[in-house]
Amino acid sequence: MAATLKDVAERAGVSRSAVSRTFTEGASVSDRTRRKVQKAADELNYRPNFLARSLTTRRTKLIGLVSNNFHNPIFLEVFDLFTRGLQDRGLRPLLVNLSDETDPEQSVQMLRQYSVDGVVVASSTLPLTFAKAFRDAGMPVVHSFGRKSSAPEVHVAGIDNVDCGRLAAETLIARGYRRIAFLGGPEAATSTQDRLAGFRDTLAQHSEILITYSFASAYSFAAGRDEMMRLLKEEPAEAYFCGDDVLSIGALSAVESAGLSVPDDVGIIGLNDMEMAGWENINLTTIHQPIPQIIASSIELVTAMLEEPERLPEARLFPCSIIERGTLRPL
28 MAATLKDVAE RAGVSRSAVS RTFTEGASVS DRTRRKVQKA ADELNYRPNF
78 LARSLTTRRT KLIGLVSNNF HNPIFLEVFD LFTRGLQDRG LRPLLVNLSD
128 ETDPEQSVQM LRQYSVDGVV VASSTLPLTF AKAFRDAGMP VVHSFGRKSS
178 APEVHVAGID NVDCGRLAAE TLIARGYRRI AFLGGPEAAT STQDRLAGFR
228 DTLAQHSEIL ITYSFASAYS FAAGRDEMMR LLKEEPAEAY FCGDDVLSIG
278 ALSAVESAGL SVPDDVGIIG LNDMEMAGWE NINLTTIHQP IPQIIASSIE
328 LVTAMLEEPE RLPEARLFPC SIIERGTLRP L
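Laid out in structure tokens, this is it:
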């Protein structure tokens, strides 16, 4: 049977409370006692019960990680960076898969039941009100990849999606495209709305350019392919800004299935710069989103809130840049 706190106390010749204090961060214990307890614990292969300790410290070290984009391969990178970053700080993620859920009530109830110390909402499609529901329930919360706001009600770490739309439009204009289209994710997603707004506003300043736009049912390969297959039955645009790399890869597949060539017949630019976008057989021109920096900043914010729960909300926005590859005609 696994060694218990009582076993360690008896082996070390100290009280149970001394053992408990030894393994409680910030608790007062003498160096001599700490050495005796650690030696006994090593000999017995004892490991502290963090759940039991949380009853005393009122800290579970659990951070709820809430997302609704598990079908997108980019989330594998997001999940990897979040879990390693939290674990490096002695915290543990508790994963919540929203699927198509947009009402935060069930997630709030679940995370309250687990007594999480904080919450990270990792989604570019949910409104700020979703993350605000956790704050209203008394939980420190950060909205990663959240919508830009000049007066955020919760901490936000992400990008300016409107500016990314402008960047995509300027990139296509510079390459001489005149029939340009936006192929976005779900129309109700905040990221889709903002990317389209920046894209459309920039192109509206050029009367010689014809702009059209449409929406896929999800940020997924299948949805991107299906929507592009539909568009190709009509007169296709010269170039498409797909609001996400995985949509772009689905669109590439549809173009090739139709017997057309990228970029000779159709140009495509994506957004995210996921690892797959750089594969030789894809070679997607895209907008780089600095995902590691966003996640590191999110972890920094939620950790700081554990010590300062009333910290005023701030928005941390990170710049994006074009990654030149092979799916647009050259300048």
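Taking our numbering, the leading residue of the sequence shown gets 28, the next gets one more, and so forth. Ideal Cβ placement from N, Cα and C applies to all residues, glycine included.
Where Val56 falls: helix, strand or coil (DSSP):
coil
My understanding is that Pro100 touches Val273, with C-beta atoms under 8 angstroms, so please give their C-beta distance in whole angstroms.
6 angstroms
Less than 7 angstroms between the beta carbons of Ser324 and His98, yes or no?
no
Contact the segment 117–131 vs the segment 193–203: 3+ CB pairs below 8 angstroms
no
Which of the three DSSP states, helix, strand or coil, is assigned to Arg62?
helix
Jot down the residue ranges of each uninterrupted beta strand (DSSP E) in the segment 199–251, minimum 3 residues, whole runs only, in chain order.
206–211 and 237–242
Coil, strand or helix - Arg119 by DSSP
strand
Skipping 5 residues on each side, what residues in its chain have a beta carbon closer than 6 angstroms to that of Pro75?
Phe50
Verify whether the separation of the beta carbon atoms of Ala54 and Arg48 is less than 7 angstroms.
Result yes, Cβ atoms of Ala54 and Arg48 sit closer than 7 angstroms.
Within the same chain, show all residues whose beta-carbon is closer than 8 angstroms to that of Val148, passing over the 5 residues directly before and after it, in chain order.
Its chain contains Val93, Ser94, Phe157, Ala158, Phe161, Val168, Val169, His170, Ser171 and Gly173 as the residues whose beta carbon lies nearer than 8 angstroms to that of Val148, once the 5 sequence neighbours on both sides are disregarded; these appear in chain order.
Looking at Ile350: is its Cβ nearer than 7 angstroms to the Cβ of Asp291?
no
Other residues of its chain near Ile321: CB distance less than 7 angstroms, five sequence neighbours each side excluded:
Result list for Ile321: Ser171, Phe172, Ala184, Gly185 and Phe345, in chain order.
Could you give the DSSP three-state label for Gly192: helix, strand or coil?
helix
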